[in-house]
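Reviewing the structure listed below.
In my numbering, the protein residues as written are 4 to 297.
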């Protein structure tokens, strides 16, 4: 299939793009400034057979031009993987509205920009998959990761709505929910632009840094919690037949997903009950048969 992966310069996105090429797919990977500061990683992706396109998910024009370039390079886009994102940590009160806006612009509005850019062609062909990389922190929250939690919860809701609204057009939506992993993610976290509220928190003001350090040590000590399992899950999901893919896919070997799996199962049952009660049960099933007029 023809696949566009955002955030292919590092972390999950870099692994996913490379593994999808090895699995026989045609892949375009988005990289910011591929001829400048990210020239080396862009060259390494091209050497693997990845078509590199420049996309800044926070910029409408960049998204439109980058998706157009991916379309030209691949001859159409069958799958969009929204992987680009940014983490954040700190005492939530310290984050200004502008801080939140920056985090949401990358993690939420960027996802919406990308989806809107690819959907017209997918609906017209009555075929497509949108795969959003969210987080287990889009299902539960952990202190001192507040803006990130909120953004990932938003992407979960965004994904659910698209799932229902696109099902009759043959366009499938699914989410990958990773736990914490020892990737470059931890080295690029957004922090508040001001710490003027720290004084009111006393000893708790130092808790975000302590929590982050402890989390990093725990992840580094767990050899099973490798980013490769996220890429493996993505490749496996894409290779499944349309209509057979689970909506939520938890990827974690730290124990964090254990209580979330039954929570997700129950959430699916709630959706089934709610949609049936309102006579919308047809939206629960992907329509894989294109209309005769198509």
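Glycine included, C-beta positions come from ideal geometry on N, C-alpha and C.
Residue i and residue j closer than 8 Å at C-beta
i, j, result
"residue 173", "residue 85", "no"
"residue 96", "residue 142", "no"
"residue 98", "residue 195", "yes"
"residue 166", "residue 158", "no"
"residue 245", "residue 222", "no"
"residue 11", "residue 48", "yes"
"residue 139", "residue 263", "yes"
"residue 83", "residue 118", "yes"
"residue 261", "residue 182", "no"
"residue 121", "residue 80", "yes"
"residue 215", "residue 92", "yes"
"residue 208", "residue 201", "yes"
"residue 136", "residue 88", "yes"
"residue 241", "residue 132", "yes"
Heavy atom of the ligand GDP within 7 Å of residue i beta-carbon
i, result
"residue 248", "With respect to the ligand GDP, the structure offers nothing, as it holds no ligand at all."
Paired residues, beta bridge with residue i - DSSP
i, result
"residue 8", "32 and 84"
"residue 111", "In the DSSP output, where bridge partners are listed per residue, residue 111 has none listed."
"residue 175", "132"
"residue 19", "DSSP output for residue 19 lists no bridge partner at all."
"residue 193", "91"
Simplified DSSP assignment, three categories, for residue i
i, result
"residue 139", "helix"
"residue 2", "Residue 2 lies beyond the stretch modelled for the chain, which goes from 4 to 297, so this question has no answer here."
"residue 131", "strand"
"residue 251", "strand"
"residue 234", "helix"
"residue 297", "Bear in mind that the predicted position of residue 297 carries a pLDDT of just 45, short of 50, making it too unreliable to give a figure here."
"residue 38", "coil"
"residue 60", "coil"
"residue 53", "coil"
"residue 94", "coil"
"residue 181", "strand"
"residue 145", "coil"
"residue 161", "helix"
"residue 201", "helix"
"residue 126", "helix"
"residue 79", "coil"
"residue 102", "helix"
"residue 325", "Not covered by the structure: residue 325. The range shown for the chain is 4 to 297."
"residue 150", "helix"
"residue 267", "helix"
"residue 227", "coil"
"residue 219", "helix"
"residue 242", "coil"
"residue 119", "helix"
"residue 26", "coil"
"residue 279", "helix"
"residue 166", "helix"
"residue 48", "helix"
"residue 13", "coil"
Expected contact under 8 Å - CB spacing of residue i and residue j to nearest Å
i, j, result
"residue 236", "residue 252", "6 Å"
"residue 197", "residue 286", "44 Å between Cβ atoms; not a contact."
"residue 65", "residue 59", "4 Å"
"residue 63", "residue 116", "6 Å"
"residue 19", "residue 90", "The Cβ separation is near 18 Å, so there is no contact."
"residue 278", "residue 271", "Not really, about 11 Å apart at Cβ, beyond 8 Å."
"residue 26", "residue 233", "Not a contact, Cβ separation roughly 15 Å."
"residue 15", "residue 294", "Actually they are not in contact, since the Cβ atoms of residue 15 and residue 294 sit about 36 Å apart, beyond 8 Å."
"residue 150", "residue 102", "7 Å"
"residue 178", "residue 130", "With a Cβ gap of about 19 Å, residue 178 and residue 130 do not count as contacting."
Min CB distance residue i to chain B below 8 Å
i, result
"residue 119", "No chain B is present in this structure, which holds just one protein chain."
- request: Specify whether the region 105–115 and the region 147–162 touch according to this definition: at least 3 beta carbon pairs, one from each stretch, less than 8 Å apart.
  value: yes
message: Three or more C-beta pairs under 8 Å: does that hold for the region 27–40 against the region 48–59?
response: yes
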